[in-house]
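Residue numbering for the sequence shown follows the numbering used here, beginning at 265 and increasing consecutively. Cβ coordinates follow ideal geometry from the N, Cα and C atoms, glycine included.
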Amino acid sequence: MAFVDDLGAALDKTPGGGIILTSLDALIDWSRGKSLWMMPMGTACCAMELIAASFARFDFDRHGSIPRPDPRHTDVMVVAGTITRKMEPAVKRLWEQMPEPKWCIAMGNCAVSGGIFYYDTYSVVRGVDEFLPVDVYISGCPPRPEALQDAILRLREKVSAESIVPSRAKPVKSILPQPGDPRKGDIAAEGGEPS
Ligand code: SF4
């Protein structure tokens, strides 16, 4: 998609290009968000949940998320399981073989933070975000396929808000509290009268 990104930047600078770009932009952002093919990077018990997600009961195909064993045909790497220092170069190489733009989901506590195996061992990576840019984190040991489904939907929102022209990217509303947000239930902080 690098050609599409270059085309977007070139059209943005061309007089009248903005009109073509608006339709092209909407179409590309929509199609990118609706066809997130997955690179399954299952290394431990969480991989069982990732495999279960591919079967008919959960039916991920309806979201356009199809697992492919080939990094060159995929958009999102789902890291499910413990990653050791020895595995790190292999995971990094597969990530580098994926074409741009690409995204990453860390599925389960081991992928998010090293999980229970980080402590008392020298060999476990404390979260795959030490060497990959993670877009969505899924907590749980193991998380269920429904949690992965939710992560794919969150990622779709994020991808659909991106644009082939960086200046047109739309902000994504976070569902998590941000620093400085009023605490939930704190009526005085939210501007109301305490009861
Ligand atoms: S998070 Fe739990 S289920 Fe997933 S790989 Fe780690 S130990 Fe296994």
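Taking the straight line between their C-alpha atoms, what separation do you get for D393 and V376? What you label residue 393 is simply residue 129 of the sequence shown in a count that begins at 1. What you label residue 376 is simply residue 112 of the sequence shown in a count that begins at 1. When rounded, the distance between both Cα atoms is 7 angstroms.
Give the straight-line distance between the Cα atoms of V343 and L288, rounded to the nearest whole angstrom. For the purposes of this step, residue 343 is taken as the residue at position 79 of the sequence shown. For the purposes of this step, residue 288 is taken as the residue at position 24 of the sequence shown. Cα to Cα, the separation comes out at about 32 angstroms.
Give me, in chain order, the residues of the same chain whose beta-carbon lies closer than 7 angstroms to that of A308; leave out the 5 immediate sequence neighbours on both sides. Here the question's residue 308 lines up with position 44 in the sequence shown. So the list reads G345, T346 and C374, once near-sequence residues are dropped.
Tell me which residues share the same chain as D339 and place their Cβ nearer than 7 angstroms to its Cβ, disregarding the 5 neighbours each side in the sequence. Stepping through the sequence shown from its first residue, residue 339 is reached at position 75. Once the five neighbours on either side are set aside, the close Cβ partners of D339 are L300, W301, K366 and W367.
Going by DSSP, name the residue or residues bridged to Y401. As a working note, residue 401 is residue 137 in the sequence shown. In DSSP, Y401 forms a bridge with A370.
With hydrogens ignored, establish whether the beta-carbon of C368 is closer than 7 angstroms to any heavy atom of the ligand SF4. Here residue 368 corresponds to residue number 104 of the sequence shown, with the count starting at 1. Every heavy atom of the ligand SF4 is 7 angstroms or more from the Cβ of C368, so no.
So is the beta-carbon of I330 under 7 angstroms away from any non-hydrogen atom of the ligand SF4? To locate residue 330, count along the sequence shown from 1; it is residue 66. False, no ligand heavy atom lies under 7 angstroms from that Cβ.
Count the other CB atoms, across all protein chains shown, that sit within 10 Å of the CB of D325; report buried if there are 16 or more and exposed otherwise. For the purposes of this step, residue 325 is taken as residue 61 along the sequence shown, with counting starting at 1. With fewer than 16 Cβ atoms within 10 Å of its Cβ, D325 is classed as exposed.
Tell me the DSSP secondary structure of M362 in three-state form. Residue numbering aside, residue 362 sits at position 98 when the sequence shown is read from its first letter. Coil at M362, not helix or strand.
Per-residue DSSP class, three states only, for V389: Position 125 of the sequence shown holds residue 389. V389 falls in the coil class under three-state DSSP.
So who's on the other strand from P331, going by DSSP bridges? On the sequence shown, position 67 is the one that residue 331 refers to. According to DSSP, P331 bridges with M302.
From the DSSP output, in three-state form, read off M341 for me. By one-based count along the sequence shown, residue 341 stands at place 77. Note: M341 maps to strand in three-state DSSP.
Using only alpha-carbon positions, find the residue among T385, D384 and L314 that is nearest to P407. Here the question's residue 407 lines up with position 143 in the sequence shown. For the residues T385, D384 and L314, the minimum Cα distance to P407 belongs to L314.
Less than 8 angstroms between the beta carbons of F319 and Q413, yes or no? Taking the sequence shown and counting its residues from 1, one reaches residue 319 at position 55. Taking the sequence shown and counting its residues from 1, one reaches residue 413 at position 149. It is not a contact, given that the beta carbons lie outside the stated cut-off.
Drop a sphere of 10 angstroms on the beta-carbon of Y401, count the other beta-carbons inside from all chains shown, and report buried for 16 or more, exposed for fewer. Looking up residue 401 in the sequence shown gives position 137. It is buried - the Cβ of Y401 has at least 16 other Cβ atoms within 10 Å.
E258: which of H337, E410, A316 and K298 sits nearest, CA to CA? Because the chain spans 265 through 459 in this model, residue 258 falls outside it and cannot be assessed.
Assumed close pair C405, G378 - CB separation to whole angstroms, cut-off 8 angstroms: As a working note, residue 405 is residue 141 in the sequence shown. As a working note, residue 378 is residue 114 in the sequence shown. That pair is no contact at about 12 angstroms.
Identify which residue in V355, Y386 and R296 has its Cα closest to the Cα of L419. Within the sequence shown, the letter at position 155 stands for residue 419. Ranking the options by Cα distance to L419, first place goes to R296.
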